[in-house]
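Q: In the UniProt record's numbering, the protein residues as written are 1 to 425. Just so it is clear, CB atoms sit at the ideal spot from N, CA and C, and this is done for glycine as well. Supplied in structure tokens, the structure appears directly below.
Take a look at the structure:
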């Protein structure tokens with residue numbers, strides 16, 4: 001568990017790096033997010049594909065929250081900075097989830113390219129966009145119906161399920177319900193004010209559409225392809241991404257916030273697999289080829305953002321340089337309050353990486369005839385990396401604070417909006 005003293009030290013360092021003249025306050029009524037585990041707030045777990053055990057969530061939620069982290073993700077800190085509640089996952093229908101302020105379609109393991117038989121997640125970017133289209137259509141249908149069904153509401157329910165809100169006057173819970181591998185548990189909400197759980201129609205145009213995806217396309221390709229083959233795949237992946245963006249534009253989206261991919265070669269998972277030869281590592285101890293591929297991807301993604309901005313002049317495209325922020329963090333980890341830049345906090349195997357791909361964080365398995373558990377370190381706030389693949393809450397806090405300075409974005413915040421800094425960490 002992160003010590004309060006160490007967290008306060010990191011918070012103090014974070015504010016040192018923030019500008020005094022800018023204040024950041026996003027003026028968006030709703031957020032619609034697409035991506036992978038970097039911003040998944042419970043999608044893959046709700047789908048029943050994976051489960052998370054403690055110590056996931058220990059630093060903030062005190063229990064696993066569906067996030068691959070000890071606490072909050074970058075998306076959570078950004079929502080907080082916008083004075084908006086944390087986003088509910090699209091498939092998570094337990095506990096009367098509200099989608100009034102947006103919806104999160106991101107799922108861990110997702111790729112831009114369509115999924116294959118080996119994919120961890122079936123929810124590729126195209127599928128997430130299709131889920132959004134369905135979501136919007138059902139929301140608008142319900143909002144339209146809401147004005148005409150007041151006299152029926154005594155017997156009406158809102159039925160929230162895995163791919164829609166379904167309004168019906170009577171539901172037979174024991175017959176006619178189709179389920180499959182990805183069906184989440186449903187929840188019933190009775191009453192007249194179902195609209196409070198839904199975004200209003202204008203939110204779909206006024207809202208902010210956020211994206212953080214592409215890491216798995218690159219990282220997964222290294223297991224079966226040469227470096228040149230991986231680079232050759234990038235244009236087709238970005239064509240797929242562009243198609244999704246255009247679909248969202250046609251659905252009314254006008255504000256796009258796009259994260260590039262981080263330094264893949266600095267993840268303990270990739271160092272353990274591809275960094276056994278010291279010559280394959282850079283001066284930071286990261287796998288050089290992985291980071292080179294990420295840089296090529298980011299250059300082409302940046303060019304695509306500029307192209308889309310020129311094509312859709314009534315829209316705003318903001319490209320956020322996550323790679324530079326995370327690289328700077330790893331290179332200067334001790335200066336901003338961390339002690340371990342690459343080694344996982346939660347894992348098995350001990351130094352230098354504390355990562356074993358046979359056993360994930362919180363899991364217990366028999367390895368070499370002995371039952372072992374991948375446990376967390378004593379203080380996760382000292383670690384940049386949480387589980388060998390994902391960043392710790394303390395790292396996500398730092399990255400978020402750097403995003404909010406505006407200087408890692410193209411265009412910078414000041415080019416579009418006079419943001420007010422409103423961090424509530």
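Excluding five sequence neighbours on each side, which residues of the same chain lie with their C-beta closer than 8 Å to the C-beta of residue 429?
A: Because the chain is modelled from 1 through 425, residue 429 falls outside the range shown and cannot be assessed.
Q: Can you give me the Cβ contacts of residue 208 inside the same chain, cut-off strictly under 6 Å, excluding the 5 residues immediately before and after it?
A: On the chain shown, residue 208 is found 208 positions in, with the first residue counted as 1. So the list reads 28, 31, 255, 257, once near-sequence residues are dropped.
Q: Looking only at DSSP bridge pairs, what is residue 353 linked to?
A: Here the question's residue 353 lines up with position 353 in the chain shown. The partner list for residue 353 (beta bridge, DSSP) is empty, contrary to what the question assumes.
Q: Can you give me the C-alpha to C-alpha distance between residue 339 and residue 380, rounded to a whole angstrom?
A: Counting from 1 along the chain shown, the entry for residue 339 is found at position 339. Counting from 1 along the chain shown, the entry for residue 380 is found at position 380. If I take the Cα positions, the gap works out to 10 Å.
Q: DSSP state of residue 182, grouped into three classes?
A: One-based indexing of the chain shown puts residue 182 at position 182. Its pLDDT being 39, under 50, residue 182 is placed unreliably by the model, and nothing is read from it.
Q: Please identify the residue among 293, 287, 363, 373 whose C-alpha is closest to the C-alpha of residue 228.
A: As a first step, residue 228 must be located in the chain shown, where it is residue number 228. For the residues 293, 287, 363, 373, the minimum Cα distance to residue 228 belongs to 293.
Q: Pop quiz: residue 93 and residue 110 are said to be a contact at Cβ under 8 Å. What is the actual Cβ separation, rounded to whole angstroms?
A: Here residue 93 corresponds to residue number 93 of the chain shown, with the count starting at 1. Here residue 110 corresponds to residue number 110 of the chain shown, with the count starting at 1. About 20 Å separates the two Cβ atoms, so there is no contact after all.
Q: What residue from 36, 39, 68, 35 has the CA that sits closest to residue 51's CA?
A: Locating residue 51 in the chain shown gives position 51, counting from the first residue. Checked all of 36, 39, 68, 35; the closest Cα to residue 51 is 68.
Q: Counting C-beta neighbours from all protein chains within 10 Å, is the total for residue 151 16 or more, i.e. buried, or is it exposed?
A: Counting from 1 along the chain shown, the entry for residue 151 is found at position 151. Low confidence applies here, because residue 151 scores a pLDDT of 38, under 50, leaving its location unreliable and the question unanswered by this model.
Q: Would you kindly report the start and end of the unbroken alpha helix (DSSP H) that includes residue 406?
A: Indexing the chain shown from 1 puts residue 406 at position 406. Looking at the DSSP string, residue 406 is not in any alpha helix (DSSP H), and its letter there is neither H nor E.
Q: What residue from 388, 368, 398 has the CA that sits closest to residue 335's CA?
A: Numbered from 1 along the chain shown, position 335 holds the residue referred to as residue 335. When each option's Cα is compared against that of residue 335, the closest is 398.
Q: If you follow the alpha helix (DSSP H) that residue 293 is in, where does it begin and where does it stop?
A: What you label residue 293 is simply residue 293 of the chain shown in a count that begins at 1. Start and end: 288-311.
Q: Which residue comes first and which comes last in the alpha helix (DSSP H) that contains residue 235?
A: Here residue 235 refers to the residue found at position 235 of the chain shown. Residues 227-250.
Q: Where do the ends of the beta strand (DSSP E) carrying residue 327 lie?
A: Looking up residue 327 in the chain shown gives position 327. Counting along the chain, residue 327 falls outside any beta strand (DSSP E), though it belongs to the alpha helix (DSSP H) covering 322-331.
Q: Would residue 297 and residue 309 be called neighbours here (beta carbons separated by less than 8 Å)?
A: Here residue 297 is taken as the residue at index 297 of the chain shown, counted from 1. Here residue 309 is taken as the residue at index 309 of the chain shown, counted from 1. Contact flag unset, no.
Q: Touch check for the segment 277-290 and the segment 385-398: three-plus C-beta pairs under 8 Å?
A: no
Q: For residue 365, which residues does DSSP report across the bridge?
A: As a first step, residue 365 must be located in the chain shown, where it is residue number 365. BP columns for residue 365 point to 372.
Q: What is the rounded straight-line gap between the Cα of residue 273 and the Cα of residue 375?
A: For the purposes of this step, residue 273 is taken as the residue at position 273 of the chain shown. For the purposes of this step, residue 375 is taken as the residue at position 375 of the chain shown. A direct Cα-Cα distance of roughly 21 Å separates residue 273 from residue 375.
Q: Under a three-way DSSP split, which group does residue 164 fall into?
A: If you number the chain shown from 1, residue 164 lands on position 164. Residue placement at residue 164 is poorly supported in this model, since its pLDDT is 38, which falls under 50; the coordinates are not used for a value here.
Q: What's the C-alpha gap between residue 321 and residue 198?
A: To locate residue 321, count along the chain shown from 1; it is residue 321. To locate residue 198, count along the chain shown from 1; it is residue 198. Using only the alpha carbons, I get a separation of about 32 Å.
Q: Suppose the cutoff is 6 Å on Cβ atoms and the five residues either side in sequence are ignored; what does the same chain contact list for residue 412 look like?
A: On the chain shown, position 412 is the one that residue 412 refers to. Answer for residue 412: 406, listed in chain order.
Q: Pick from 108, 99, 113, 328: whose alpha carbon is nearest that of residue 140?
A: Taking the chain shown and counting its residues from 1, one reaches residue 140 at position 140. Of 108, 99, 113, 328, the smallest CA-CA separation from residue 140 is found for 99.
Q: Express the C-alpha separation of residue 225 and residue 237 in angstroms, rounding to a whole number.
A: What you label residue 237 is simply residue 237 of the chain shown in a count that begins at 1. What you label residue 225 is simply residue 225 of the chain shown in a count that begins at 1. In a straight line, the C-alpha of residue 237 is about 15 Å away from that of residue 225.
Q: Does the beta-carbon of residue 393 have 16 or more other beta-carbons within 10 angstroms, so that it is buried, or is it exposed?
A: Start at 1 with the first residue of the chain shown, and residue 393 comes out as number 393. Here residue 393 is buried. Its C-beta has 16 or more other C-beta atoms within 10 Å.
Q: Please state the DSSP three-state secondary structure of residue 384.
A: Translated into the one-based positions of the chain shown, residue 384 becomes position 384. Strand at residue 384.
Q: Would you mind sorting residue 142 into buried or exposed? The rule is 16 or more other CB atoms within 10 Å of its CB.
A: Your numbering for residue 142 matches position 142 in the chain shown. By the neighbour-count criterion, in which a residue is buried when 16 or more other Cβ atoms sit within 10 angstroms of its Cβ, residue 142 is buried.
Q: State the DSSP-derived secondary structure class of residue 199, mapped to helix, strand or coil.
A: Here residue 199 refers to the residue found at position 199 of the chain shown. The answer is coil: DSSP assigns residue 199 none of H, G, I, E or B.
Q: Could you tell me which residues DSSP pairs with residue 102 in its beta bridges?
A: On the chain shown, residue 102 is found 102 positions in, with the first residue counted as 1. Partner(s): 31.
Q: Identify, in the order they occur along the chain, each residue of the same chain with its Cβ nearer than 7 Å to the Cβ of residue 2, setting aside the five sequence neighbours on each side.
A: Here the question's residue 2 lines up with position 2 in the chain shown. Annotation note: pLDDT 45 at residue 2 (below 50); position unreliable, no value reported.
Q: Among 315, 48, 112, 369, which residue has its Cα nearest to the Cα of residue 260?
A: The residue given as residue 260 occupies position 260 in the chain shown. Residue 260 has its Cα closest to that of 112, out of 315, 48, 112, 369.
Q: Tell me the rounded alpha-carbon separation between residue 365 and residue 371.
A: Taking the chain shown and counting its residues from 1, the one referred to as residue 365 is at position 365. Taking the chain shown and counting its residues from 1, the one referred to as residue 371 is at position 371. Cα to Cα, residue 365 sits roughly 5 Å from residue 371.
Q: With a 10 Å radius around its C-beta and 16 neighbouring C-beta atoms as the bar for buried, classify residue 409 as buried or exposed.
A: What you label residue 409 is simply residue 409 of the chain shown in a count that begins at 1. Result: buried.
Q: Pick from 220, 290, 63: whose alpha carbon is nearest that of residue 117?
A: The residue labelled residue 117 in the question sits at position 117 within the chain shown. Closest by alpha carbon: 220.
Q: Suppose the cutoff is 7 Å on Cβ atoms and the five residues either side in sequence are ignored; what does the same chain contact list for residue 216 look like?
A: Taking the chain shown and counting its residues from 1, the one referred to as residue 216 is at position 216. 36, 109, 110, 111.
Q: Taking the straight line between their C-alpha atoms, what separation do you get for residue 319 and residue 369?
A: Within the chain shown, numbered from 1, the residue matching residue 319 stands at position 319. Within the chain shown, numbered from 1, the residue matching residue 369 stands at position 369. So the alpha carbons of these two residues sit roughly 49 Å apart.
Q: Can you tell me whether residue 340 is helix, strand or coil according to DSSP?
A: Stepping through the chain shown from its first residue, residue 340 is reached at position 340. In the structure shown, residue 340 sits in a strand (DSSP, three-state: E or B).
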